[in-house]
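Report on one structure; see the data block that follows.
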């Protein structure tokens with residue numbers, strides 16, 4: 070489902086997890102790409118990869134796959150848990 074294989078030149082599937090963690094860090098902190106911590110790699114390279122994945126609809130495939138298994142009994146949003154069956158914030 071994810072692009073890249075170990076024989077590809079440059080960053081590949083070997084570091085897809087680190088790359089996704091970098092994207093999640095950006096989304097969580099709402100920081101600009103330039104503020105990405107070095108442990109995730111060079112910010113510009115990570116951003117270019119993010120842009121490629123977006124252009125190639127990789128994120129759509131990821132979210133479609135995740136949605137396939139979702140039961141939506143609970144939804145986590147901004148550190149709150151919502152019980153959808155009762156409409157309550159837990």
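Numbering (my numbering), first residue to last: 70 to 159.
Heads up, the beta-carbon is just placed ideally off N, CA and C, and yes, glycines get one too.
Only a predicted model underlies this, so the values are computations on that prediction, with no experimental measurement involved.
The three-state reading of DSSP puts residue 114 in helix, counting H, G and I together.
In this structure, the CA atom of residue 105 is about 26 Å from the CA atom of residue 135.
Counting along the chain, the unbroken alpha helix (DSSP H) around residue 85 starts and ends at 85 to 98. In this structure residue 91 is buried. Its beta-carbon is surrounded by 16 or more other beta-carbon atoms within 10 angstroms. DSSP, reduced to helix, strand and coil, places residue 126 outside both helices and strands of the structure shown, so it counts as coil.
No Cβ-Cβ contact shorter than 9 Å links residue 102 with residue 89.
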